[in-house]
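Since the structure comes first, as structure tokens, the remarks are kept for the end.
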Amino acid sequence: MTMVGGLLFPALSSHAAVGVTISPAIITNDFVGKISITVTGLTSGKTIRIEKFPDFNTNGAVNAPENKFLWRSFLVTDGQMPLLGSCTNLNVVGDMDGATNSQLRADLFFPGVDSTLDHFALKYLIRVSDPANTFTAITNSFEVRQKIYPQGVTGKVVASGTGFPLTNALVVVAHLHSSGGYGAVADSGGNFTIYSPAGTYQVIGVYTNTFVSGTVTVSSNVVTSQNFTSTPAPFTISGKVSDISGGAGLPGVVVTSEATNGFSVGFTDTNGNYSLPVNAGVWRLQASQNGAAALGYVGLGDRVSTNVTGNITNLNFQLPKATALVYGQIKDELGNPLLAFDCYAEDAINFLYETAGNSYATNGAYSLGVLAGDWYLQPESDTLAQAGYDAPQGVSVTVSNGQCLRVNFTALRATNHITGFVKDTGNLPIADMKVDAYVTFNGSNYQTGATTDGTGFYSLPVANGNWNVSVDCDNDQGLPSRGYCCVNSQNVNITNGNGVANFTATVSGQLVINTTSPLPTGEVGTFYSIHLDASSCQSLTWSATNPPPGLSLSSSGDLSGFPTTAGSNYFFAQVTDGSQTTNRAFSLIISNAPAAVPDVSLYYVTKLKAFRQTSAASPALDTNNGPYHAFLAIVQSDFDTVPIANVELPGGANKGFPFGNSALALQIHETFSSQASFDSTYTNGDYTFGMACANDGFQFPVLTMPPPTYPNAPRVTNYAAAQSLNPASAFPIYWDAFSGGTTNDSIWLYLLDGNGLQVFSTPYPSTDFAGALKGNATTTTIPGGVLQVGRTYTGILTFFKLTSSDTSSYPGAFGGTFAGAQTSFALTTPSTAPTLGQPVKLSSTQFRFTLSGLVGSNYVIQFSTNLSQTNWATLFTTNAPVSLITILDPAASNNARFYRARLGP
Numbered sequence: 082m083t084m085v086g087g088l089l090f091p092a093l094s095s096h097a098a099v100g101v102t103i104s105p106a107i108i109t110n111d112f113v114g115k116i117s118i119t120v121t122g123l124t125s126g127k128t129i130r131i132e133k134f135p136d137f138n139t140n141g142a143v144n145a146p147e148n149k150f151l152w153r154s155f156l157v158t159d160g161q162m163p164l165l166g167s168c169t170n171l172n173v174v175g176d177m178d179g180a181t182n183s184q185l186r187a188d189l190f191f192p193g194v195d196s197t198l199d200h201f202a203l204k205y206l207i208r209v210s211d212p213a214n215t216f217t218a219i220t221n222s223f224e225v226r227q228k229i230y231p232q233g234v235t236g237k238v239v240a241s242g243t244g245f246p247l248t249n250a251l252v253v254v255a256h257l258h259s260s261g262g263y264g265a266v267a268d269s270g271g272n273f274t275i276y277s278p279a280g281t282y283q284v285i286g287v288y289t290n291t292f293v294s295g296t297v298t299v300s301s302n303v304v305t306s307q308n309f310t311s312t313p314a315p316f317t318i319s320g321k322v323s324d325i326s327g328g329a330g331l332p333g334v335v336v337t338s339e340a341t342n343g344f345s346v347g348f349t350d351t352n353g354n355y356s357l358p359v360n361a362g363v364w365r366l367q368a369s370q371n372g373a374a375a376l377g378y379v380g381l382g383d384r385v386s387t388n389v390t391g392n393i394t395n396l397n398f399q400l401p402k403a404t405a406l407v408y409g410q411i412k413d414e415l416g417n418p419l420l421a422f423d424c425y426a427e428d429a430i431n432f433l434y435e436t437a438g439n440s441y442a443t444n445g446a447y448s449l450g451v452l453a454g455d456w457y458l459q460p461e462s463d464t465l466a467q468a469g470y471d472a473p474q475g476v477s478v479t480v481s482n483g484q485c486l487r488v489n490f491t492a493l494r495a496t497n498h499i500t501g502f503v504k505d506t507g508n509l510p511i512a513d514m515k516v517d518a519y520v521t522f523n524g525s526n527y528q529t530g531a532t533t534d535g536t537g538f539y540s541l542p543v544a545n546g547n548w549n550v551s552v553d554c555d556n557d558q559g560l561p562s563r564g565y566c567c568v569n570s571q572n573v574n575i576t577n578g579n580g581v582a583n584f585t586a587t588v589s590g591q592l593v594i595n596t597t598s599p600l601p602t603g604e605v606g607t608f609y610s611i612h613l614d615a616s617s618c619q620s621l622t623w624s625a626t627n628p629p630p631g632l633s634l635s636s637s638g639d640l641s642g643f644p645t646t647a648g649s650n651y652f653f654a655q656v657t658d659g660s661q662t663t664n665r666a667f668s669l670i671i672s673n674a675p676a677a678v679p680d681v682s683l684y685y686v687t688k689l690k691a692f693r694q695t696s697a698a699s700p701a702l703d704t705n706n707g708p709y710h711a712f713l714a715i716v717q718s719d720f721d722t723v724p725i726a727n728v729e730l731p732g733g734a735n736k737g738f739p740f741g742n743s744a745l746a747l748q749i750h751e752t753f754s755s756q757a758s759f760d761s762t763y764t765n766g767d768y769t770f771g772m773a774c775a776n777d778g779f780q781f782p783v784l785t786m787p788p789p790t791y792p793n794a795p796r797v798t799n800y801a802a803a804q805s806l807n808p809a810s811a812f813p814i815y816w817d818a819f820s821g822g823t824t825n826d827s828i829w830l831y832l833l834d835g836n837g838l839q840v841f842s843t844p845y846p847s848t849d850f851a852g853a854l855k856g857n858a859t860t861t862t863i864p865g866g867v868l869q870v871g872r873t874y875t876g877i878l879t880f881f882k883l884t885s886s887d888t889s890s891y892p893g894a895f896g897g898t899f900a901g902a903q904t905s906f907a908l909t910t911p912s913t914a915p916t917l918g919q920p921v922k923l924s925s926t927q928f929r930f931t932l933s934g935l936v937g938s939n940y941v942i943q944f945s946t947n948l949s950q951t952n953w954a955t956l957f958t959t960n961a962p963v964s965l966i967t968i969l970d971p972a973a974s975n976n977a978r979f980y981r982a983r984l985g986p
């Protein structure tokens, strides 16, 4: 024997000593990637067996009872990859270096096809042996450690009756309604701690001649303490898992058995034989589909039931080897690979077979080994839902022997939730009940699922869309299996928010009306409809006594019609299911229809002078912008309520407004360079509007414009401050008072950026007079964060003086004439980039310099003694109280000192 790296290897004369390395050798159970087992020193083309055992006593040797837990076992041949047809079956281990070179590299994806087994935190032994016995078996260590979540379960497993600890018991917490789980081994005192995400789990303990089974709820940020007592198992069920063709045993396959109040586990040995402890009663067994898939076989779809009254032998499982492969990738809608999500395929004709797969690192690739024929395949929706994804619905495929068929799946990221409760008519929760939801998005179907907790609450992760939510109605595990009637599904539309769907189930044999009184309010002349809901396991027939005038109740429970009379209504609704009848009194208020909204809310004529302010002095007429403006407008109550309109000026000229579907406010705007031409076109007198209204017919209101008295030119009084404002802080704008301004007049301020885009505005008087600044206002505030640094903006401040009004020519609409004055001015936000002045050396240890920046900005002053190195250190941080700061460095002992200023933090 030869010692290499602390391990014993046989010294063979025909070739170099066989060596085994494992990389990585230690991982945590949230690891996603590959475990590479490299075996060197083989004869060319050699076939070896690789096995995985727990190392309970950590002595580096496979002892009893460790040899009863054959975790995995597989044959690997030098130079042979795990091909099925022309494609690689990722579930099966092969020589992934692909060369016949006297060594092999077996890559084990982690997690593999059985994620629960892989997530056991244990020390393991990897044993490499030769079926032909040309070298002595070699072992090497591999360890999976727990990821430390902020929650989990801790406790003790003990024997029933004696209370003795179950030393080295395998303890697993498994998801109740989906694959996956976490496990650890109990210590000599039977103590265990398992960390996991929050949720409700089934607890399973594996031990000789007994079994442990229970449930535990793990809450966020809480390590739950719970002990478990085993159930005596005086009997065993034993048999063999083998190849259906040649009868060869399949090693390292988990066989599970479940009863009403128990769960037991066994492992097949090297020859495929298994034995598991049970007690009297009906047990349902299954050879793991995951374990079969890892060996390239196809599992059975259903469990096998047996009634145990004593030891049972020869309960065998014969499995076929996969002859075709379905493969592809699982990604999200952005093309990101989704890793460590399980998928399955089931025999679509006889439902005899079912196989398993997983999406592996690094590209989300999966493989499903199947037989020739028709199959239905899909990623597991429950597993995806736990991670916040909506699963694509499955697809049906047909494959032939030796065929490789590519099928890709795309899951949706779920950014919202549908939540609710499932309860009975007595408001008692229905726990551990499956709730599913389905949606069609861009022509593809998706689904998600959840299970109710102890309070009946569920939460479904969903993307945007119209979801159909339903409670499981299956006779085996759904509402009927609990003695409840099925409930109707509900549609919940999700648009960037969460939704709610509550369900109330009726006990079989009951008839209950679920709709409560009062009913939603209706309106005279407006169609009303509501469905009255009741629960029964039978078909329902509805009727009503004295429903509100204009409404009727259909036999299916729809109360609908056009209400004709306002007032409070009281009536009875009755429902029968053929064997029972019940009724309920309802109240329903019908209100009068609201007054009709006119097609026009405002129409006006405005004459305005434009000014420009460039200093703190009074503004001057803006000859680059008019400076004389005429505005005539019709503000519609909705788009296209005034499809066509015009106005006749006092001099007889006609002006046409834009079409009603172009904007809400239809406006005519003309500019003039001289007062004379302005006043000759838009003179004093009557302005006659002609409006072809969609609902109000033709309207011809007249506005009389008096000789205008224009407001004073608006002047910003803090103009200087507006030229150097800090955009991070709120900035008040002040102006001279509007001479003669009243609450009937209005003021409007808005800001434009360099591209002419509006970045701020007070309420626009034409469409929001109630919210607009009134004529007696002298200030408003620009909020912090609206403007950006280093920019120049244009402000427009306008005074509107009401000179005449009319509310009778067009009832419901306000007409007015206005005289206005408008001033444009600049606002500037200086750059926050700091500037340092030239340092002055005051002494052998002191430098002084200045910092120029924006008042209120945070700056970090740093120094270095060598510009060629990135050794900048912070001298201090300041929030600039003034724009120019003098800075003193009192500890500058170096001959050379470099400084820099940075914006932040």
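Counted the way the working numbering counts, the sequence shown spans residues 82 to 986.
Where is the CB? At the ideal position from N, CA and C, for every residue including glycine.
Task: At least three beta-carbon pairs within less than 8 Å, the segment 864–883 to the segment 906–913 - done: Short answer: they touch.
Open item on the list: According to DSSP, is T916 part of a helix, a strand, or is it coil?
Closed with: In the three-state reduction of the DSSP assignment, T916 falls in the strand class.
- [ ] Pair every Cβ in the segment 270–284 with every Cβ in the segment 162–173, then say whether three or more of these pairs are closer than 8 Å.
- [x] Contact between the segment 270–284 and the segment 162–173 is absent, because fewer than three Cβ pairs lie under 8 Å.
Open item on the list: Quick check on the DSSP output: what are the complete alpha helix (DSSP H) runs of length 4 or more inside the segment 183–269, in order along the chain?
Closed with: Listed in chain order, the complete alpha helix (DSSP H) runs (minimum 4 residues) inside the segment 183–269 are 196–199.
Task: Pick from T317, Y891, A329 and S326 that is closest to T337, judged by C-alpha positions - done: If you compare the alpha carbons of T317, Y891, A329 and S326 with that of T337, the shortest gap goes to T317.
Open item on the list: For a quick check, are the C-beta atoms of T533 and V503 less than 9 Å apart?
Closed with: A contact, by the Cβ cut-off of 9 Å.
Open item on the list: Determine whether the beta carbon atoms of T289 and P146 lie at a separation below 9 Å.
Closed with: Their beta carbons are under 9 Å apart, which means T289 touches P146 by this criterion.
Task: 3-residue-minimum beta strand (DSSP E) runs that sit fully inside the segment 663–711, ordered along the chain - done: As far as the segment 663–711 is concerned, its whole beta strand (DSSP E) runs of at least 3 residues are 681–693.
Open item on the list: Between A495 and A421, how many whole angstroms is the CB-CB distance? I'm expecting something under 8 Å.
Closed with: Distance from A495 to A421 at the Cβ level is roughly 17 Å; contact not present, criterion being Cβ atoms closer than 8 Å.
- [ ] Check the DSSP bridge columns for V656 and list the partner residues they point to.
- [x] Under DSSP, the beta-bridge partners assigned to V656 are W623 and T663.
Task: Between the CA atoms of Y263 and L156 - distance to the nearest angstrom - done: Taking the straight line joining both Cα atoms gives about 27 Å.
- [ ] Determine, using beta carbons only, whether Y527 and Q474 come nearer to each other than 9 Å.
- [x] Using a Cβ distance threshold of 9 Å, Y527 and Q474 count as a contacting pair.
TODO: Taking L956 and F944 to be in contact with their CB atoms under 8 Å, please state how far apart those CB atoms are, rounded to whole angstroms.
DONE: Going by Cβ atoms, the distance from L956 to F944 rounds to 5 Å, so yes, they are a contact pair.
TODO: With DSSP as the reference, label P844 as helix, strand or coil.
DONE: P844 falls in the coil class under three-state DSSP.
- [ ] From the DSSP output, in three-state form, read off D534 for me.
- [x] Looking at D534 - three-state DSSP - the assignment turns out to be coil, as it is neither helix nor strand.
Open item on the list: For a test of the three-state rule: what should DSSP assign to G1022, helix, strand or coil?
Closed with: Past the edges of the chain, shown from 82 to 986, lies residue 1022, and the structure says nothing about it.
Task: CA nearest to the CA of L613, picked from I393, D639 and A142 - done: The shortest C-alpha separation from L613 is found at D639.
Open item on the list: Pull the bridge partners of I511 from the DSSP assignment, please.
Closed with: As far as DSSP is concerned, I511 takes part in no beta bridge.
Task: the segment 884–893 in contact with the segment 842–857 per 3-pair CB rule at 8 Å - done: The segment 884–893 is not in contact with the segment 842–857.
Open item on the list: For a test of the three-state rule: what should DSSP assign to G286, helix, strand or coil?
Closed with: Here G286 carries a strand assignment [DSSP, helix/strand/coil].
Task: Length of the line joining the Cα atoms of A445 and M514 - done: Looking at the sequence provided, one finds Gly at residue 445 rather than Ala. If I take the Cα positions, the gap works out to 31 Å.
- [ ] Please determine, among Y831, T752 and V728, the residue with the shortest C-alpha to C-alpha distance to N706.
- [x] Comparing Cα positions, the closest option is T752.
TODO: Decide yes or no for the touch test of the segment 681–688 against the segment 784–791: beta carbon pairs closer than 8 Å, at least 3 of them.
DONE: As far as the Cβ criterion goes, the segment 681–688 touches the segment 784–791, which means the pair count is three or higher.
Open item on the list: Taking the alpha carbon of R978 as the reference point, which residue from S925, L965 and P629 has its own alpha carbon closest?
Closed with: The candidate whose alpha carbon is nearest that of R978 is S925.
Task: the ligand PLP heavy atom lying under 8 Å from the CB of D777 - done: Looking for the ligand PLP in the displayed structure turns up nothing, as the structure carries no ligands at all.
Task: Beta-carbon proximity check, D826 vs F881, cutoff 9 Å - done: When the beta-carbon positions are compared, D826 and F881 come within less than 9 Å of each other.
- [ ] Kindly identify the DSSP beta-bridge partner or partners of A518.
- [x] Note: A518 is bridge-paired with T529 and V550 in the DSSP secondary-structure output.
- [ ] Let me know the secondary structure DSSP gives K855 once reduced to three states.
- [x] K855: strand per DSSP, three-state reduction.
Open item on the list: For G413, tell me which candidate among G852, I966 and Y470 has the shortest Cα-Cα distance.
Closed with: This sequence places Asp at residue 413; Gly is not what is there. Taking each of G852, I966 and Y470 in turn and checking the Cα distance to D413, the smallest one comes out for Y470.
- [ ] Have a look at P971 and T916 and give me their C-alpha separation to the nearest angstrom.
- [x] Near 20 Å, if we compare the C-alpha coordinates of T916 and P971.
Task: Exposed unless 16 or more other CB atoms sit within 10 angstroms - verdict on G87 - done: Residue placement at G87 cannot be trusted, given a pLDDT of 35 that sits under 50; what the coordinates show is reported in the next sentence. Looking at its Cβ environment, which holds fewer than 16 other Cβ atoms inside 10 Å, G87 is exposed.
TODO: Give me the Cα-Cα distance between I393 and F348, rounded to the nearest whole angstrom.
DONE: CA-to-CA, the gap between I393 and F348 works out to about 16 Å.
- [ ] Tell me whether Q756 is buried or exposed, calling it buried when 16 or more other Cβ atoms sit within 10 Å of its Cβ.
- [x] Q756 is classed as exposed because its beta carbon has fewer than 16 other beta carbons within 10 Å across all chains shown.
- [ ] With DSSP collapsed to three states, give me the class of L592.
- [x] L592 falls in the coil class under three-state DSSP.
Task: Nearest candidate by alpha-carbon position, reference P788, set P731, F812 and A744 - done: Of the candidates P731, F812 and A744, the one whose C-alpha sits nearest the C-alpha of P788 is P731.
Task: Per-residue DSSP class, three states only, for T909 - done: Correct three-state label for T909: strand.
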